[in-house]
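**Student:** Sending over a structure as structure tokens; questions will come in a sec.
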Amino acid sequence: MQKQAIFQSKLLPYALVAPQLAIVLIFFYWPALQAVIQSFLLQDAFGLSTSFVWFENYLELMKDRAYFEAIVRTFFFSFAIAVSSLSFALLLAVMADKPLRGVMLYRTLLIWPYAVAPPVVGVLWIFMLHPSLGVLSRYLRGLGVDWNPLLDGDQAAALIILAAAWKQISYNFLFFLAGLQSIPRSVLEAAAIDGARPMRRFWTVTFPLLSPTIFFLLVVNIVYAFFDTFGIIDTMTRGGPGKSTETLVYKVYSDGLLGGNLGSSAAQSVILMIMVIVLTGIQFRFVERKVTY
Amino acid sequence: MVEEEGFRRYVAHIILWIGIAIVAFPVYIAIVASTQDNALIANGQMSLLPGGHFFQTYYQTIFVGTTGSTREPVGNMMLNSLITALLIAVGKIAISIISAYAIVYFRFPFRMPIFWIIFITLMLPVEVRIYPTYKIVADLHMLDSYAGLSLPLIASATATLLFRQFFMTVPDELLEASRIDGAGPFRFFWDTLLPLSRTNMAALFVILFILGWNQYLWPLLITTRDDMQTIQIGIRKMITTSDALTEWPTVMATAVLAMLPPVFVVVVMQKLFVRGLVETEK
């Protein structure tokens, strides 16, 4: 698609794209290229010499049990966060889609957590569920749970998933509500005339018609769980206890922070880059045409 | 025809209120904690009702900061966050709208390659190029500066795409009309296109401001001086010391202050917010 009415100028268009292009090249492409190059290099322990080692850094990663565990963990977190947040948000959106009084108020009261920053989400939840002073920990202990997410890896993981899913409810709710409102009433009425009860109407009419929205949100939630959970993890557990809440992004960060293996850290970045490309590709290939608002 | 009997409606209201309670509970606890005495909280005896330390805690937090190691007033952190968020939001909009203008209203060699170069940055979030980007910013001597906090983040494929899409829908007659009036590319942009883009810019601004205010990983990497840290970084440093020393009322007050501006924006400019969110995600 092109415009017919345009301006003639040789230099002006370049001047107009120059600022964005400069930033993109200096702060996006150059570092990305550095990461790719770095991932093929091996530095000796003192940083005195580097040698080109082909895929050795990648092969080392593949053999590294901790890296494998981080991959599995990241996918598990993504799945758990997406499913729990999406199902709760869908329930709320279906309720808010009914002709109720005060729907706008409900919407306002449900969407604001979108604006809460991940590190703040982490602080809020660790405070509530802190082993020694959390207000909710008292009740958990009252129920006989030996609650200590600072020592127990599984509990720490559960806490991260809970906090991350909580933040994402508002986003999912908003898009589900938009999706539900775009379903024509006539279709639901036709189903009602055929005698379908509300539950049946939901599973046979609403849910299939909502599937593009669900798929879109699934991709967005996975991307969110991959990247935006960094702040939550960093304020709550710092990847611990042990490595039980260390995701791929957190691993790149903490491995590099310790000043450890630059080549390995770069190889991890490149693998992440490929994952983002795949996810974004899926999002554009399958989502853009089908989702309508 | 799709009737809702009274009972079902009743259930819907109850479920929605339960949802609202779940969503609001952590924030309620934070607000309550920020008004209580630290000793009480540290003993695990925090009350679920507000205490009497509201003014004392918030005064201390905003103007003095914690009494511990990182003694930096949160008011200063908020100022840093505000400047960074505004620079990011305004910067992204400014450079994206002119790029989109060039791509839509001019024909020039490498037009589409340039468009794709900008577009592909969607696939290069800061998380996948953490340390190389840090190194470049360090080499440019931009650590601990507002330029370092904002400049590397102000490229925006999403905003460029959005403006491009919008410009494509602007009727050609407008350009022809303003050309008859003798307007060149600058006049047309300033007098016709910018006013038409106002709603889009506002919606985008709301989303980008929140995005900028909530930045975490990047400022964490490049700020080393306490007086340059944003509020998101400040809050993390407050809980870094051993548990016994954490001043929880101050931490919770900082959490509340960190939430206040972006939540305020979402609630007050809800229409623009929803529009911006849907537009940028399409």
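Heads up: the protein sequence lines correspond to chains A and B, in order. Per our numbering, numbering of the first sequence is gapless, rising by one per residue and ending at 282. Per our numbering, numbering of the second sequence is gapless, rising by one per residue and ending at 274. Ideal Cβ positions, reconstructed from N, Cα and C, are used throughout, including at glycine.
(1) Compile a chain-ordered list of the residues in the region 161 to 179 of chain B whose CB is closer than 7 Å to at least one CB of chain A.
(2) Can you pull out the residues from the region 205 to 227 of chain B whose beta carbon lies closer than 9 Å to at least one beta carbon of chain A?
(3) Does M(-7) (chain B) have its Cβ less than 9 Å from a Cβ in chain A?
(4) Once DSSP output is grouped into helix, strand and coil, what is the label at Y282 (chain A)?
(5) Does the beta-carbon distance from L199 (chain A) to L177 (chain A) come in below 9 Å?
(6) According to DSSP, simplified to helix, strand and coil, what is M(-7) (chain B)?
(7) Helix, strand or coil for A245 (chain B) per DSSP?
(8) Leaving out the 5 sequence neighbours to the left and right, which residues in its chain are closer than 7 Å to A151 (chain B) when beta-carbon positions are compared?
(9) Where are the alpha helix (DSSP H) runs, 4 residues long or more, that stay fully inside the region 68 to 148 of chain A, in chain order?
(10) Taking only three categories from DSSP, how would you classify F(-4) (chain A)?
(11) Could you give the distance in angstroms between the alpha-carbon of R288 (chain A) and the alpha-carbon of N206 (chain B)?
(12) What residues in the region 32 to 46 of chain B have a beta carbon less than 8 Å from any beta carbon of chain A?
(13) Mind listing the chain B neighbours of Q23 (chain A)? Cutoff is C-beta to C-beta under 9 Å, in chain order.
(14) By the 10 Å Cβ neighbour count, where 16 or more other Cβ atoms means buried, how is Q157 (chain A) classified, buried or exposed?
(15) Check whether the region 87 to 106 of chain B and the region 181 to 194 of chain B touch, using three or more Cβ-Cβ pairs below 8 Å as the test.
(16) Examine chain B for any beta-carbon lying closer than 9 Å to the beta-carbon of A71 (chain A), and answer yes or no.
(17) For F196 (chain A) and G252 (chain A), I'd like the C-alpha separation in whole angstroms.
(18) Residues of the region 253 to 269 of chain B with a CB closer than 9 Å to any CB of chain A: list them in chain order, please.
(19) Look at the alpha carbon of L264 (chain B) and the alpha carbon of A4 (chain B), and state the distance between them as a whole number of angstroms.
(20) Have a look at A:F273, A:G270, A:L261 and flag the residue whose alpha-carbon is nearest the alpha-carbon of F295 (chain A).
(21) Which residues in chain B sit within 7 Å of Q157 (chain A), going by Cβ to Cβ distance?
(22) Can you list the beta strand (DSSP E) stretches of 3 or more residues lying completely in the region 154 to 239 of chain B, in chain order?
(23) Examine the Cβ distances between the region 229 to 246 of chain A and the region 74 to 86 of chain A and report whether three or more of them are shorter than 8 Å.
(24) Helix, strand or coil for A152 (chain A), going by three-state DSSP, please let me know.
(25) Kindly indicate which residue of A:I271, A:V209, A:I263, A:Q(-3) has the alpha-carbon position closest to the one of A94 (chain B).
(26) At the level of alpha carbons, what is the spacing between K52 (chain A) and I223 (chain B)?
(27) What are the boundary residues of the alpha helix (DSSP H) that includes T49 (chain B)?
(28) When you compare only the Cα positions, how much space is there between L80 (chain A) and A147 (chain A)?
(29) Could you work out which residues of chain A lie near W240 (chain B), taking near to mean beta carbons separated by less than 8 Å?
(30) Between the region 183 to 208 of chain A and chain B, which residues of the former have a C-beta closer than 9 Å to a C-beta of the latter?
(31) Indicate the three-state DSSP secondary structure (helix, strand or coil) for F300 (chain A) in the structure shown.
(32) Which residues bound the beta strand (DSSP E) around L114 (chain B)?
(33) So which residues on chain A does H133 (chain B) lean against when the C-beta distance must stay under 8 Å?
(34) Tell me which same chain residues have a C-beta within less than 8 Å of the C-beta of N210 (chain A), skipping the five on either side of it?
(35) Could you list which residues in chain A have their beta carbon closer than 7 Å to that of V96 (chain B), in chain order?
(36) Could you check whether S148 (chain B) and L200 (chain B) sit closer than 9 Å to each other, using their CB atoms as the reference points?
**Tutor:** Taking the structure as given:
(1) Closer than 7 Å at the C-beta level to chain A, one finds these residues of the region 161 to 179 of chain B: D164, L167, E168, P177.
(2) Flagged, chain order: W205, N206, Q207, Y208, L209, L212, L213, I223, Q224, I225, I227.
(3) Taking the second sequence and counting its residues from 1, one reaches residue -7 (chain B) at position 1. The predicted position of M(-7) (chain B) is uncertain, since its pLDDT is 41 and thus under 50; no value can be drawn from it.
(4) Taking the first sequence and counting its residues from 1, one reaches residue 282 (chain A) at position 293. At Y282 (chain A), the pLDDT of 37 sits below 50, so the modelled position is not reliable and the matter cannot be decided from this model.
(5) The count along the first sequence starts at 1 and reaches residue 199 (chain A) at position 210. The count along the first sequence starts at 1 and reaches residue 177 (chain A) at position 188. Contact annotation: L199 (chain A) and L177 (chain A) have beta-carbon atoms that are not nearer than 9 Å.
(6) Numbered from its first residue, the second sequence carries residue -7 (chain B) at position 1. With a pLDDT of 41 at M(-7) (chain B), under the threshold of 50, the predicted position of this residue should be treated as unreliable, though the coordinate-derived value follows. DSSP places M(-7) (chain B) in coil when its eight states are reduced to three.
(7) For the purposes of this step, residue 245 (chain B) is taken as the residue at position 253 of the second sequence. Under the three-state reduction of DSSP output, A245 (chain B) falls in the helix class.
(8) Locating residue 151 (chain B) in the second sequence gives position 159, counting from the first residue. Once the five neighbours on either side are set aside, the close Cβ partners of A151 (chain B) are K84, I85, S88, L196.
(9) Taken in chain order, the complete alpha helix (DSSP H) segments of 4 or more residues contained in the region 68 to 148 of chain A are 92 to 100, 107 to 117, 124 to 131.
(10) Residue numbering aside, residue -4 (chain A) sits at position 7 when the first sequence is read from its first letter. Annotated three-state conformation of F(-4) (chain A) is strand, per DSSP.
(11) A query on residue 288 (chain A) cannot be resolved here, the shown segment of chain A reaching from -10 to 282 and no further.
(12) So the close ones are I33, A34, N35, G36, M38, L40.
(13) Locating residue 23 (chain A) in the first sequence gives position 34, counting from the first residue. Here the neighbours are R121, Y123, P124, T125, K127, I128.
(14) As a first step, residue 157 (chain A) is located in the first sequence; it is residue number 168 there, counting from the start. Answer is buried; the Cβ neighbour count reaches 16.
(15) The region 181 to 194 of chain B and the region 87 to 106 of chain B touch, with three or more beta-carbon pairs separated by less than 8 Å.
(16) Counted from its first residue, the first sequence places residue 71 (chain A) at position 82. Not one chain B Cβ lies under 9 Å of A71 (chain A).
(17) The count along the first sequence starts at 1 and reaches residue 196 (chain A) at position 207. The count along the first sequence starts at 1 and reaches residue 252 (chain A) at position 263. Whole-angstrom Cα-Cα distance: 47 Å.
(18) Those would be P253, P254, V255, F256, V257, V258, V259, Q262, F265, V266, L269, in chain order.
(19) Working through the second sequence from its first residue, we reach residue 264 (chain B) at position 272. Working through the second sequence from its first residue, we reach residue 4 (chain B) at position 12. Between L264 (chain B) and A4 (chain B), the C-alpha separation is close to 27 Å.
(20) There is simply no residue 295 (chain A) to check, as chain A begins at -10 and stops at 282 in what is shown.
(21) Working through the first sequence from its first residue, we reach residue 157 (chain A) at position 168. Those do not exist, as Q157 (chain A) stays about 11 Å from chain B at its closest Cβ, beyond 7 Å.
(22) Unbroken beta strand (DSSP E) runs of no fewer than 3 residues, entirely contained in the region 154 to 239 of chain B, are not found.
(23) Contact between the region 229 to 246 of chain A and the region 74 to 86 of chain A is absent: fewer than 3 CB-CB pairs across the two stretches fall below 8 Å.
(24) On the first sequence, residue 152 (chain A) is found 163 positions in, with the first residue counted as 1. A152 (chain A) falls in the helix class under three-state DSSP.
(25) Within the second sequence, residue 94 (chain B) is the residue found at index 102, counting from 1. Residue A:Q(-3) is the option with its Cα nearest to A94 (chain B).
(26) As a working note, residue 52 (chain A) is residue 63 in the first sequence. As a working note, residue 223 (chain B) is residue 231 in the second sequence. So the alpha carbons of these two residues sit roughly 40 Å apart.
(27) Counted from its first residue, the second sequence places residue 49 (chain B) at position 57. Where T49 (chain B) is concerned, the enclosing alpha helix (DSSP H) stretches over 46 to 51.
(28) Numbered from 1 along the first sequence, position 91 holds the residue referred to as residue 80 (chain A). Numbered from 1 along the first sequence, position 158 holds the residue referred to as residue 147 (chain A). Distance between the alpha carbons of L80 (chain A) and A147 (chain A) is about 22 Å.
(29) As a first step, residue 240 (chain B) must be located in the second sequence, where it is residue number 248. The contacting residues are F116, L122.
(30) Taking 9 Å as the Cβ-Cβ cut-off against chain B, the residues of the region 183 to 208 of chain A that qualify are P187, R190, F205.
(31) This structure does not reach residue 300 (chain A), given that chain A is present from -10 up to 282, and the question cannot be answered.
(32) Here the question's residue 114 (chain B) lines up with position 122 in the second sequence. Premise fails: L114 (chain B) is in no beta strand (DSSP E) and is neither H nor E.
(33) Counting from one through the second sequence, the residue named residue 133 (chain B) turns up at place 141. Listed along chain A, no residue sits closer than 8 Å to H133 (chain B) by beta-carbon distance, the nearest being about 14 Å off.
(34) If you number the first sequence from 1, residue 210 (chain A) lands on position 221. Only residues of its own chain outside the window of five on either side were considered, and among them S67, I70, A71, S74, L75, Q157, N161 have a CB closer than 8 Å to the CB of N210 (chain A), listed in chain order.
(35) Position 104 of the second sequence, counted from the start, is the residue given in the question as residue 96 (chain B). Under the 7 Å cutoff, chain A gives K(-8).
(36) The residue given as residue 200 (chain B) occupies position 208 in the second sequence. The residue given as residue 148 (chain B) occupies position 156 in the second sequence. Going by C-beta atoms, L200 (chain B) is nearer than 9 Å to S148 (chain B).
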